[in-house]
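I have placed the structure first, in the form of structure tokens, so that the comments after it can refer back to it.
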Amino acid sequence: MEWMILPLKRYAQFSGRSPRREYWMFVLFNIIVSIVLSIVDTVLGLGGHTSSYSASGPGSYAAGAGTSGGILSGLWSLAILIPSIAVGVRRLHDVNRSGWWMLAPVLVLGVAMVSALARLGANPDASMFGFGIFFMVAMLIGLIVSILLLVWACTRGTIGPNRFGPDPYAPIDDLQETFR
């Protein structure tokens, strides 16, 4: 449980390193809390809703469900925004990468959106075929960078100290020092 809430204790600490355990336990903690809050929002009528669907007919087998959060889920997402970014940056530091890599997918999609708005503003009657190809390439690059970030999040950190700090798994005298 300590690993799940450690990023909350290190709320806006962007320096240092976070091992895989801290990062993924925090992700698991966020998923659990988000599901519970979505259910509570739905039950209390605070704007959340649950939907389900099923396909019927010959040979159909699709079924699914989804929830969207309400007020409590939105507040939770806002509250954990900074610790989520901070633990992601520290996780990248652990694999000896700059935390600025977290912005790469956002920047790629941002450039595509700005290009779309500029093209529409310049000539609204122009064909969007060329831009459609550009936008698809930008989305593909964004997907590749996102997969790269996922791979780095799953990779073991640098053994020993690196340019971002000491190894979080290095032996320490007092275990409580880790969770202060």
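One point on numbering: in this note's numbering, the residue at position 119 of the sequence shown is 577, and numbering is uninterrupted. Glycine included, each C-beta is placed from N, C-alpha and C at the ideal position.
With a CB to CB cut of under 8 angstroms and the five nearest residues on each side skipped, what residues in its chain are close to residue i?
i    : result
V545 : P465, R468, S476, E480, Y481, F484
W461 : R479, E480, M483, F484
F592 : A570, S573
Taking the alpha-carbon positions, what's the residue i to residue j distance?
i    : j    : result
V609 : A574 : 30 angstroms
Q471 : R548 : 8 angstroms
G590 : G503 : 41 angstroms
L486 : V566 : 27 angstroms
G618 : L606 : 23 angstroms
A576 : V569 : 10 angstroms
L561 : F622 : 18 angstroms
M594 : I489 : 30 angstroms
W534 : I463 : 14 angstroms
T613 : D552 : 9 angstroms
P624 : L536 : 31 angstroms
M459 : P626 : 17 angstroms
Within 10 angstroms of the Cβ of residue i, are there 16 or more other Cβ atoms? Answer buried if so, exposed if not.
i    : result
G528 : buried
G615 : buried
V572 : exposed
I538 : buried
A596 : buried
V501 : exposed
P629 : exposed
P541 : buried
To which residues of the same chain is residue i closer than 6 angstroms at the C-beta, ignoring the five residues directly before and after it?
i    : result
P563 : G600, V603, S604
W559 : L550
G557 : V547, L550
L598 : none
Tell me, which residues are paired with residue i by DSSP?
i    : result
G623 : N620
Near residue i, which residues of its chain fall below 7 angstroms by C-beta distance, leaving aside the five closest residues on each side in sequence?
i    : result
R555 : W610
S531 : S492, L495, S496, D499, G506
I543 : M560
N620 : N554
Run the proximity test for residue i: is its beta-carbon closer than 7 angstroms to any non-hydrogen atom belonging to the ligand HEM?
i    : result
A611 : This structure lacks the ligand HEM, and indeed carries no ligand of any kind.
Is there a C-beta anywhere in chain C that falls below 8 angstroms from the one on residue i?
i    : result
G568 : In the structure shown, chain C does not exist; there is a single protein chain.
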